[in-house]
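In my numbering, the protein residues as written are 148 to 524.
Encoded as structure tokens, the structure appears first; notes follow it.
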Ligand code: SF4
Ligand code: SF4
């Protein structure tokens, strides 16, 4: 199965264009879900002991029903859909679902434990138009807690590096492997070595709440962050995670139920995977009024929340409402300059766009043109 580098590069550029547009839409309007997670099957072929999001018996959601739900999310204006589970690759028509997501112009993401990946399946996902695949790898060798191990999955990662035309993100959770915290660093290094993206989360309990890291785990997290490139990385410049890893709460508003939706296998809308049961309204009856109301609800779980993908959405809203403050919080310039750190390219661009006092006349022209292209003026 020959990999055509040109096709991979072309797809990467087109994906980047669509992602910039997604960000522009989020900056322009607060009235649509930026991100939705939707369960395609609750069943999983593994049974990690820390996981509360799977069973070993559920049937896949029927394909016709899945396509209807994708259409409903599109009608609400959703810009990114993540297909999740259980294990999504257990759905026999996953590629048909991915195609429907893409047909609506929505960014298609899937999460997997990787066990069922083969070169043929990767090729099918390429053809369906998948944009991103996230694989969680928990440890270097399988243990009683998790079998999502580098030793088992390394061949799958090599196939992905060779054949995938979508972006592959290897996600490790610091604190998940309590016996060997250094495993997370080994996994992140392997991802970088293969040219894949590496991100790290912090272990949480079943309700998405922080479990504080010890010194060794904190060191592992810092080391993983230092592997990221100087381009902007939310993982590296995440003010929420900086606080949480030190056991400190965050002050932020979670707009789940509006800007983020989690649709379970029964077709009900919940705030997120960790807060199922609220508001639990059928997606087919979920309206813009529901979104507006639920987005405003103050979530008591927010201060110690570790659901970073939803914080990323909140960051976009902060950028829209108070760009200067958001950028200052995201990348404290004085602290960075004192350390002699390089300002990431994307942060520099954001500063140009949102910090008028810093810009010369030529900069103002650039800002105006960029805002027009992004349609946020
Ligand atoms: S592979 Fe994922 S869904 Fe399956 S049990 Fe482990 S954490 Fe849960
Ligand atoms: S703060 Fe929001 S994202 Fe975090 S656990 Fe609560 S509802 Fe979920």
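Even glycine gets a Cβ: it sits at the ideal position worked out from N, Cα and C.
Give a yes or no on whether the C-beta atoms belonging to residue 309 and residue 162 are separated by under 8 Å.
Taking 8 Å as the Cβ cut-off, residue 309 and residue 162 do not qualify as a contacting pair.
Might you give, ordered along the chain, the residues of its own chain that have their beta carbon closer than 8 Å to the beta carbon of residue 396, omitting 5 neighbours on each side?
Excluding its 5 nearest sequence neighbours in each direction, residue 396 has C-beta neighbours in its own chain below 8 Å: 390, 450, 451, listed in chain order.
If we ignore side chains and look at the alpha-carbon of each, how far apart do residue 392 and residue 211 end up?
Spanning the alpha carbons of residue 392 and residue 211 requires a straight line of approximately 42 Å.
Residue 405, buried or exposed, once every other Cβ within 10 Å from all chains shown has been counted against 16
Its Cβ being crowded by 16 or more others within 10 Å, residue 405 is buried.
Nearest-angstrom Cβ-Cβ length linking residue 89 and residue 187, presumed shorter than 8 Å:
The chain is shown from 148 up to 524; residue 89 falls before or after that span and cannot be answered.
Compute the distance between the beta-carbons of residue 261 and residue 303, then report whether it is under 8 Å.
Taking 8 Å as the Cβ cut-off, residue 261 and residue 303 qualify as a contacting pair.
Compute the Euclidean distance between the alpha carbons of residue 437 and residue 472, then round it to the nearest angstrom.
If you take the alpha carbons of residue 437 and residue 472, they lie about 29 Å apart.
Distance between residue 179 and residue 489 (C-alpha atoms, nearest Å)
Annotation note: pLDDT 49 at residue 489 (below 50); position unreliable, coordinate value reported separately. One Cα belongs to residue 489, the other to residue 179, and the distance between them is close to 34 Å.
Residue interval of the alpha helix (DSSP H) (run including residue 269)
For residue 269, the enclosing alpha helix (DSSP H) starts and ends at 266 to 275.
Euclidean distance between Cα positions of residue 483 and residue 167:
Only weak support exists for where residue 483 lies, its pLDDT of 47 falling under 50; the coordinates are left without a value.
How many Å lie between residue 201 and residue 286 at the Cα?
Between residue 201 and residue 286, the C-alpha separation is close to 20 Å.
Looking at the strands, I want to know which residues DSSP matches up with residue 202.
Answer by DSSP bridge pairing, in chain order: 190.
Using three-state DSSP, classify residue 396 as helix, strand or coil.
In the three-state reduction of the DSSP assignment, residue 396 falls in the coil class.
Does the distance between the C-beta of residue 411 and the nearest non-hydrogen atom of ligand 2 fall short of 7 Å?
Incorrect: residue 411 has no Cβ contact closer than 7 Å to ligand 2.
Do residue 249 and residue 276 come within 8 Å of each other at the CB atom, strictly closer than that value?
In this structure, residue 276 places its C-beta atom within 8 Å of the C-beta atom of residue 249.
What residue range is occupied by the uninterrupted alpha helix (DSSP H) comprising residue 309?
DSSP places residue 309 inside the alpha helix (DSSP H), whose first and last residues are 297 to 310.
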